[in-house]
Structure formats: C-alpha cells, structure tokens
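Residue numbers (my numbering): 26 to 377.
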C-alpha cells in the first residue's frame, strides 16, 4: 500500500475503525483547544492581578470560582489561529514551530522548578542542584537541536514570546515609574488631613478615594478639594493590594487606620485568583467609621494622561507602547465592580 506512506499512523487502524478514530481524534483536539483557551483566560487574570498587564474586561460565566471569559484574549487567540493557518497552510509545516515552542517551555519550566525548590520547598543545594543539572542539560540539548529549525518556521513562537515579554515588562516598568513620580509629588496624608479639615466645607456622606500606593494623598482627592472645595463627612483612602497567594483569609483581608478628622486609610487585600469586588469586600468592613452603604457612597477615581519627561525613564518607543496600553486598559469602575452611578473620575497629567 504505497498510499500508507503518506499517513502510516492513520492506516494502522482497520478500515472500519478509521471514521470512529477520526471522530475521537477530533474530540480530543477540541478538548485540548478548550484547555488552551481556559488556561489563557486564567493566566491572563493572574497576570492582571499581579500587575504585569493592563486591566481587561473579565466576564464571570458561572458562580463557581475560575469560570471566566475574557473577550480580548478570546479574539486574540482566534486571530492568531487564523494567521497561523494562513502562514503554515498545512499541519506538517508546524513541526518546526511546535518543536521550539515545546522545548522552550520545558526549559522555562526548569527555571520555575529551581525557584520552587530553593524558595518554597527549601531543598538543600546538594540535593536540588544535581537534579536541576540533569534537567537543564537534557532540555538545553533538545532546544539547541530545534534551533536549527528557526528559518523553517521556528521564529514564530520566538516572536510571539518576545512580543508578550516586551509588553509584560513595559507595563510593569511603566507602572513602577508612575508610582515613583506620584510618590515624589504627593503630600503626606497626615499633613493633608490637618490642613484640609479647616480649609474645606464638610458635607454628609462617605467618599472613597482610590489610591495606588496607600501613601500620600491621591490626586483625585487633591483635585476634588481644588475644584469642589468640599470634603465628605467620612473620607476613606482605599488601596487594593494583590498578594502573591491565590486566596486571602477574611481575617487578613482588611487593614484600617484611623487618621482622625473623619479620615481613614483602608487596605483591601486579595489573592491573585480572587475577584476584586470592592463593594462586596466593603460590606464586611466594620472598623472604618461604621458600615458602608454602597449606594450612598461616592467613589472617586484618578485618570492619568501621560507626558514625556525631559529624562524619560525608559525608551521612547516603550513609553509610547505603555501609553497605548494605558489608554486601552479597562475602566477601574468595571474592574472593581463599582456601581456606575456612584463613580466620579478626575483627570490629571503625569510625566514618566
């Protein structure tokens, strides 16, 4: 059977079993594709929580934890699949790209294993190093053998990885520069509370001002004083902290500091797998000047417009990339599940 040379594995099955085998293989491919999609959603959510990529719209498809849908990622995966089909035409042409992708992922897993062994499991060096050396030698050899396939399509996973890595590091670096510049220009909160109490009229109600750092006065609060010249009876400086753990115990979720004069500093801690639902979390806070009535609480957010500094903190092209990512980030109102009719956004300019 000369035709068997084209697909020897397929023709190993009896002729009567080839159609059932095709159905089973198709179902397995569908399940594998769904695993990739679900994994992409989960990893993206964790990257957002850890501050490596901008906020995105996340839709919860079920009451069960982890059942999420991210439209941007879904469309990006579809576009990538269509481009790969057009580029490679036939599945046999994917072997070079697949080989580098798999061996590269195996090598990265070794670095992650090293972190786990030394930082988490606290293994002795004489026990962990020989094990890691064996894995690194094998995986380096596999990757080196596949690097010869770069011209035949192996450049595709390398380009995808480099693009994603550039976006992750650019966003992380840009956010760090923003926090540094805001910290340098901010007023200490303790100083502000003493002066603002006597210089602004107080009105009934609760105002929550979102703050990225938890130190200093949020720009939204300064702009509110400047333009509206009023302060609410209770002013809460709220900081959302994403910890390097999947979930936080309720006993460790809240940290409240009474600053006097009706000012409070509140930190809400979430694990990187948790939904950052601020109204639900505030319902459980009791030591912050009384319970929160969400529909009687005003939430003030800052929206920054970036300007290039005289001495930029990173390359101009990375600044432009960061500014584009910032403009296209999902609204914090939607990300933090804030009621739309209780949110006020105040703009400001910031140099990086």
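Think of the CB as a built atom: it goes at the ideal place given N, C-alpha and C, for glycine as much as any other residue.
Reference residue 350; option with closest CA among 197, 369, 359: Measuring from the Cα of residue 350, the nearest candidate turns out to be 197.
Range of the contiguous alpha helix (DSSP H) that encloses residue 164: In the DSSP annotation of this structure, the continuous segment of the alpha helix (DSSP H) that includes residue 164 starts and ends at 150–171.
In DSSP terms, what residue 232 is bridged to: Beta-bridge pairing links residue 232 to 260, 323.
Tell me the rounded alpha-carbon separation between residue 342 and residue 333. Between residue 342 and residue 333, the C-alpha separation is close to 11 Å.
Apply the 10 Å Cβ neighbour rule to residue 152 and answer buried if 16 or more other Cβ atoms are within range, or exposed otherwise. Sixteen is the threshold: since fewer than 16 other Cβ atoms of the shown chains lie within 10 Å of the Cβ of residue 152, the residue is exposed.
Are three or more beta carbon pairs between the stretch 168–177 and the stretch 48–62 nearer than 8 Å? The stretch 168–177 is not in contact with the stretch 48–62.
Output the distance between the C-alpha atoms of residue 195 and residue 188, rounded to the nearest integer angstrom. Each residue's Cα considered, the two are about 11 Å apart.
Helix, strand or coil for residue 226? Go by DSSP, reduced to three states. Looking at residue 226 - three-state DSSP - the assignment turns out to be strand.
Meets three-Cβ-pair contact criterion under 8 Å: the stretch 113–126 and the stretch 177–184: At 8 Å Cβ cutoff, the stretches touch.
Thinking C-alpha only, which one of 168, 260, 319, 298 is nearest residue 306? Taking residue 306 as reference, the option from 168, 260, 319, 298 with the minimal CA-CA separation is 319.
Is it true that the stretch 267–274 meets the stretch 238–251, where meeting means three or more beta-carbon pairs spaced less than 8 Å apart? These segments do not touch.
Contacting residues, own chain, Cβ-Cβ under 8 Å from residue 84 (five flanking each side not counted): The residues are 93, 94, 95, 96.
Near residue 288, what residues of its chain come up, given a Cβ to Cβ distance below 6 Å and the 5 sequence neighbours on each side ignored? The beta carbon of residue 288 is closer than 6 Å to those of 218, 260 in its chain, skipping five residues each way along the sequence.
Work out the CA separation of residue 322 and residue 367 for me, nearest whole Å. Their backbone Cα atoms lie some 7 Å apart in a straight line.
Should residue 206 and residue 98 be called a contact, given that it needs their Cβ atoms to be closer than 8 Å? No.
Tell me whether the stretch 298–313 and the stretch 326–340 touch, counting them as touching only if at least three CB pairs, one residue from each stretch, are closer than 8 Å. No contact exists between the stretch 298–313 and the stretch 326–340.
Paired residues, beta bridge with residue 279 - DSSP: Per DSSP, 293.
What do you get for residue 212, buried or exposed, if any count of 16 or more other CB atoms within 10 angstroms of its CB means buried? Exposed is the call here.
As assigned by DSSP and simplified to three states, the class of residue 315: Three-state DSSP puts residue 315 in coil, outside helix and strand.
Give the secondary structure of residue 267 by DSSP, where H, G and I count as helix, E and B as strand, and everything else as coil. Three-state DSSP puts residue 267 in a strand.
Is it buried or exposed, residue 310, if we count other Cβ atoms within 10 angstroms and call 16 or more buried? Counting of Cβ neighbours within 10 angstroms places residue 310 among the buried residues, the total reaching 16 or more.
According to DSSP, is residue 330 part of a helix, a strand, or is it coil? If DSSP states are grouped into helix, strand and coil, residue 330 belongs with the strands.
Taking a contact to mean a Cβ-Cβ separation below 8 Å, would you say residue 266 touches residue 292 in this structure? With contacts defined as CB atoms closer than 8 Å, residue 266 and residue 292 qualify as a contacting pair.
Below 7 Å, is the gap between the Cβ of residue 205 and the nearest heavy atom of the ligand FMN? What this structure holds is no ligand at all, so the ligand FMN is not there to describe.
Segments of 3+ residues assigned as beta strand (DSSP E) that fall wholly inside the stretch 29–105: Qualifying beta strand (DSSP E) stretches: none in this window.
Please determine, among 233, 290, 232, 201, the residue with the shortest C-alpha to C-alpha distance to residue 241. The candidate whose alpha carbon is nearest that of residue 241 is 290.
Reference residue 298; option with closest CA among 36, 69, 27: Ranking 36, 69, 27 by Cα distance to residue 298 puts 69 first.
Three-state secondary structure assigned by DSSP to residue 361: The answer is coil: DSSP assigns residue 361 none of H, G, I, E or B.
Beta carbon of residue 38, beta carbon of residue 30: below 8 Å? Cβ distance not < 8 Å, so residue 38 and residue 30 don't count as in contact.
Between which two residues does the alpha helix (DSSP H) containing residue 3 stretch? Given that the chain is displayed from residue 26 to residue 377, the structure contains no residue 3 and the question cannot be resolved.
Among 236, 110, 312, which has the Cα closest to the Cα of residue 279? Nearest of 236, 110, 312 to residue 279, Cα basis: 312.
Can you say whether residue 344 is buried or exposed, counting buried as having 16 or more other CB atoms within 10 angstroms of its CB? Buried.
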